[in-house]
Each structure stands twice: as C-alpha cells, then as structure tokens.
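Peer 1:
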Amino acid sequence: MTDPTEILRLEDVTYNWPGSASFGLHVPNLTLAQSETVLLLGESGSGKSTLLSLICGTIIAGSGRVSVARTDIAKLSAGQRDRFRAEQIGLIFQQFNLLPFASVQDNILLPLRFAPERHNRLSDPKQEATRLCHDLGLPDGVMSSKAGNLSVGQQQRVTAARALIGMPPLIIADEPTSSLDASTQATFLELLFAQSRAHGTTLLMVSHDARLSSQFDRVIHMADIARTTRGAT
Ligand code: ADP
Ligand code: MG
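Residues 114 to 346, numbered by this note's numbering, are exactly what the sequence shown covers, in order.
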C-alpha cells in the first residue's frame, strides 16, 4: 500500500541524456510526503535539474517509476502529462519562462487556463493574483505592467505567484532565489512556506546554498540519493 499522504515517489529511476559524453542518473528511492518542505542540495552538474525534469515529466525515465500524486506519469500521453503537470505542480525555474509582452496579471493567471481544479479553488483569480504580488513585495500597480519590463528580481517573484496560484499540491523550484537580494529572498521563501502550512503544499526546492537548510523540514543531498555516471567522450 502506498501512503495516502505521499505526493512524490521515485523508484529505481534511471535517465541518460543522449550524446557522446552522456550523463547518467540513477535514483534508487525518493519519496516526499504532503506538506513537507524539502531542500535539495548538490554540486553544479550533479543532476539536480535533470531530476526535477523527471519529476515534472518533461523528460521520461529510461527505467523505473516516477509517481506524482500516486499517478505513474509515464503512463500518461504527452497531452495528458501536460495537463496533469499544470494541475499538480507549480513550477519556478531559473529561466523564468514568462511571456514578456503579456501583463503580469495574464502571466500569473496563465496556468489556470490548463488546470480547472486550480481555477475552481479560487472565487476570484484576479484578486488572488493581486494578493500574491502584494505578499511578494511587488509594487502596487504591477499587475498591468508588461512582464518583460520588470527587473530580474521582480520577474522571479512573478514566477512564484504563477506557481502558487490555485494551490497546486506540489511546488518545484530550481534555484529560485539566485536572482534575489537577501531581504527579497527571505520574503520569497516565507511565502512558499506560508502556502505549505496553509494548504498542505509540498515544496521541493533546489539550491546550492546550504545556509537555507535550517528553514526546511528536510535536507537531501544529491550525493546521498543518486548515483551519476558520465560516458566516455
Ligand atoms: P545541476 O542542475 O545539478 O547543475 P543538471 O541536471 O543541469 O545538473 O546537469 C547534469 C548533467 O546533465 C550536465 O552535466 C549535462 O552533462 C547533462 N545535461 C543536462 N541537460 C542536458 C541536455 N538538455 N542535454 C544533454 N545533456 C544535458
Ligand atoms: Mg540546475
């Protein structure tokens, strides 16, 4: 029996990037429970982003199983996987993937178009987008600005609002604080933790900054959960 509070499980997952000097990743076992906040630490090039891509289903494991909310994501078609990801996972990546010519509001509301359950949790999505921006310390009136006109740190906070809106059960964040100053970083993390406490959201965040460790329920080191290989050139 799987644990009903389990949100993520990787079992004997392997992945090899194609190419002559291919990088291989093997994760024997990793599970995350509902409402856990987990920091994933590891050297640059140790496969952290690869692991997040496997969890998001943007790449598919060569063998083994990746289950999100007790669903084996390899069993979904590509289209089903896109909808499943939009519903279950709020994503905050290093490269923001904002639509630069669209307004901040439209960027934040975008995932709701593909995730009816997230949409239906909100009585007033625009008001929720405004609240998230306010809580993230973005200036009043930012909602109508073009996303591409904001500073890098402001854009990163818009991606956080876009990830949090509609309370997806899992937030995946890949080095989200690297472009933020210390005080903005603290506000940013506090909002992620507040959502986790209020809605039982699980947070899996990658960083190379071990100083953040004490703020998380659990700290995982890439070297402890994964074996990596590198093929001959
Ligand atoms: P980290 O996020 O820990 O810095 P990555 O998962 O980004 O590590 O990268 C691990 C290794 O996987 C890299 O050294 C690179 O060789 C390989 N890799 C990452 N992305 C790709 C890609 N899109 N195509 C081919 N190889 C890749
Ligand atoms: Mg990375």
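Ideal Cβ placement from N, Cα and C applies to all residues, glycine included.
(1) Specify the secondary structure class of Phe-136 as computed by DSSP and reduced to three states.
(2) Under a three-way DSSP split, which group does His-361 fall into?
(3) Would you say Gln-207 and Asp-337 are within 7 Å of each other, going by their C-beta atoms?
(4) Give the DSSP bridge partners of Asp-185, in chain order.
(5) Return the chain-ordered list of same chain residues with a C-beta closer than 8 Å to the C-beta of His-247, the five sequence neighbours on each side being excluded.
(6) When every heavy atom of the ligand ADP is checked, does at least one fall within less than 6 Å of the C-beta of Phe-136?
(7) Count the other C-beta atoms from every protein chain shown that fall within 10 angstroms of the C-beta of Ala-274, then say buried if there are 16 or more, exposed otherwise.
(8) Which of the three DSSP states is assigned to Asn-129 in this structure?
(9) Label Phe-214 either buried or exposed according to how many other C-beta atoms from any shown protein chain fall within 10 Å of its C-beta, with 16 as the threshold for buried.
(10) The alpha helix (DSSP H) spanning Arg-275 covers which residue range?
(11) Would you say the beta carbon of Thr-163 comes nearer than 6 Å to a heavy atom of the ligand COA?
(12) Using beta-carbon positions only, say whether Arg-194 and Gly-170 come within less than 7 Å of one another.
Peer 2: This is what the structure gives:
(1) strand
(2) Past the boundaries of the shown model lies residue 361; the chain is included only from 114 to 346, so the question cannot be answered.
(3) no
(4) Ser-180
(5) Asp-253
(6) yes
(7) buried
(8) strand
(9) exposed
(10) 265–277
(11) By its list of ligands, the structure shown excludes the ligand COA, since it contains just the ligand ADP and the ligand MG.
(12) yes
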